[in-house]
Structures are given as structure tokens and as C-alpha cells.
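Numbering-wise (numbering that gives the first Met the number 0), the sequence shown opens with residue 0 and increments by one. Glycine residues also receive a C-beta, built at the ideal position from the N, C-alpha and C atoms. Note that this is a predicted model, so its numbers are computed, not measured. First up is the structure itself, then whatever we jot down about it.
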Amino acid sequence: MMKDLLLIGIGPGDPRQVTYEAVDAMRRASVFFVLDKGQGKDELVQLRKAILARYRPEGGYRLVQVADPRREAGALDYVAAVRQWHRQRAALYARLLDDQLAAGEVGAFLLWGEPGLYDSTLRILDLVRQGGASLRLEVIPGISSVQALAARHQVPLNRIGEPLTVLPGRRLAGHGRIDNVAVMLDGQCAFAELDDPGLVIYWGAYLGTADEVLITGPLPTVKARILQVRERERRRKGWIMDSYLLRRELK
Ligand SMILES: C[S@@+](CC[C@H](N)C(=O)[O-])C[C@H]1O[C@@H](n2cnc3c(N)ncnc32)[C@H](O)[C@@H]1O
């Protein structure tokens, strides 16, 4: 049986950064799947619930909340560990769709930021399809945290004619010369290991939420302050999501 699924990008946290297309999609859905990542991140589940309360105030939908399998931390082969984690999640999603989405119902995932940027849901649903499920997908783009970061700092993402590289923190050290790089998923603060007086950093945490923090300046000057504020906020809230742009100063 064909199942209809909406993958809805909801932006980086501010309900006002949800697009009209996303709101339309939310109004069509009858079942919302919310994966709880644990690690104190239930606030992210609450933010999704707040978005639903705002755009579906009349209710009339089901919320299916499940614990997301945990990825093996510190695995030697990162890619193999992620693939294994994706297979576990695919098995979970397949079961959820079988058990929780009836004929004629429309299911939805509310995905943080932009569904196409460092989000594995599309890849996992490919695995679900390979396992035999028939899925009709619709993907609704969202505002990425990288866009929100640039807007908050009032800087363009690229300079004239220059490329922009977007990478996860664990790839920063091996990147070579940095001219214009956006970094996400950096739990290890890779920027702190850089010793390059020519770089400016535009850092932002909890973008779009009430706890938003922004720091910018020459990397050598503000590095210590970012580390201190980041640690303080991470302890206070129990979790953190931050991104940054690193840019070489033009002489
Ligand atoms: C799994 S990725 C998801 C990215 C998301 N698809 C997007 O387009 O923003 C999670 C990473 O996105 C970044 N991120 C997401 N939301 C953020 C926010 N509100 N403030 C700062 N960074 C955020 C962080 O770098 C975090 O580690």
C-alpha cells in the first residue's frame, strides 16, 4: 500500500521562520512523527510541539513520539557507524509507518532547518523503500541555520565570485586553506584548534530561539570567549546547537 509522507523543513527554531508552504503541508498531515534524540534535547521536541500548536491550533492530528536509536559515539570508522545507525533508524521508521500510518492518512516529519542539509531522513527513507515500502514523498524546503546565521550577523554567505564551503566540524582540521567556510555539527569546537590570524568568525547558537547568542570578531581575539559562552550555555540548557562562518579578512 502506498503511504504519503511529507518531509517538512521548519527552519532553525523560530516559528516565524516556517514558510507558508510548510504551514500548508502541516495542515494536510494527520500523523506527525517526532523522534526524540534524548541527551537533554527534549526541548527540540517541545519546539516542534509549539510550532504545531501555533499552526494547527484546532488539533485533529496524532503525534507519534519515539526514541531515536543512539549512534555509537567515538567509533573508529565514522562513515560505517553512521551507515549502521541509518539501518537501525530505517528499521524503526518502517515499523512506525506500518503500525501508525493507516490507509488514507498523510504522515509528516518536522525536520530542523532545511531537510536537504545535514539531515539523514531522505537517505533513511531510501533504505525504507529498498526494504519494500511504497512511499510517496513530498519535501518542503526550510530555512537552514546557515542562512539564519548569515542573516543575524548581517553578512552575505559568499563574497563576490567566491565559493562557499559547508562542512561538518570534524572535517575542518583537514580542510586546508580556509577562505569562506560554514561549519555545522561541531561538538568538538574545531575552530579552537585553528591558529590563523587572518580569520574572522561569525558564531551563533540557538539561532531563532529565545536563547540565541551571537559572537563575531577576529578568531584569535574571540576564540576564548566563544568557548566560554558555549560551555556556559551548554551546561545551563543541557544541550547546544551552534554554527559558524569562518572567513579570511581581505587585505
Ligand atoms: C543535524 S544538523 C541539521 C541542520 C539543519 N538541517 C539545517 O538546515 O540547519 C544539526 C546542526 O545544524 C546546526 N543548527 C541547527 N539548528 C541550529 C540553530 N538553531 N542554531 C545554530 N545552529 C543550528 C548546528 O550546527 C547543528 O549541529
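Membership of TYR54 in the alpha helix (DSSP H) is indicated by the continuous run 41-54.
DSSP places TYR243 in the uninterrupted beta strand (DSSP E) bounded by 241-247.
Taking every residue with its beta carbon within less than 7 Å of a heavy atom belonging to ligand 1 gives, in chain order, PRO11, GLY12, LEU110, TRP111, GLY112, GLU113, PRO114, LEU116, TYR117, ASP118, GLY141, SER143, SER144, VAL145, ALA147, LEU148, MET183, LEU184, ASP185, GLY203, ALA204, TYR205, LEU206, GLY207, THR208, MET240, ASP241 and SER242. Scanning the stretch 113-138 from its first residue to its last, no whole beta strand (DSSP E) run of 3-plus residues comes out. For TYR201, the uninterrupted beta strand (DSSP E) segment begins and ends at 198-204.
Distance from the CA atom of THR120 to the CA atom of PRO114, rounded to whole angstroms, is 8 Å. Under the three-state reduction of DSSP, ASP35 is assigned to strand. With a cutoff of 8 Å on beta-carbon distance, ILE139 and ALA49 are scored as not near each other. In this structure, SER143 keeps its C-beta atom at 8 Å or more from the C-beta atom of LEU166. Classified as buried, ALA189 has 16 or more neighbouring CB atoms from the shown chains inside 10 Å of its CB. Under the criterion of beta carbons closer than 8 Å, VAL105 and ALA52 do not qualify as touching, at roughly 19 Å.
Taken through DSSP and simplified to helix, strand or coil, LEU4 comes out as strand.
Taking a contact to require three or more Cβ pairs closer than 8 Å, the stretch 55-65 and the stretch 213-230 do not qualify as touching.
Closest option to ASP13, judged by alpha-carbon separation, among ARG47, LYS2 and LEU5: ARG47. Between LEU6 and LEU136, the gap from beta carbon to beta carbon is short of 8 Å.
Within a 10 Å sphere around the beta-carbon of PRO11 sit 16 or more other beta-carbons, which makes this residue buried.
Between ALA149 and LEU244 the beta-carbon gap is near 7 Å, inside 8 Å, which marks them as a contact. Between GLY141 and GLY8, the C-beta gap is smaller than 8 Å, which places the two residues in contact. Within the same chain, TYR117, PRO167, GLY168 and ARG169 come within 8 Å of LEU184 by CB-CB distance, once the 5 residues on both sides are set aside. In the DSSP assignment, PHE108 forms a beta bridge with LEU6 and PHE32. Taking a contact to require three or more Cβ pairs closer than 8 Å, the stretch 87-97 and the stretch 61-72 qualify as touching. By the beta-carbon neighbour count (other beta carbons within 10 angstroms, threshold 16), ILE200 is buried. In terms of Cα proximity to GLU211, the closest of PRO196, GLU232 and ASP194 is GLU232. Within its own chain, the residues whose Cβ lies closer than 8 Å to the Cβ of ARG151, once the five positions on either side in sequence are excluded, are GLY203, LEU206, GLU211 and LEU213, listed in chain order. Distance from the CA atom of LEU4 to the CA atom of PHE108, rounded to whole angstroms, is 8 Å.
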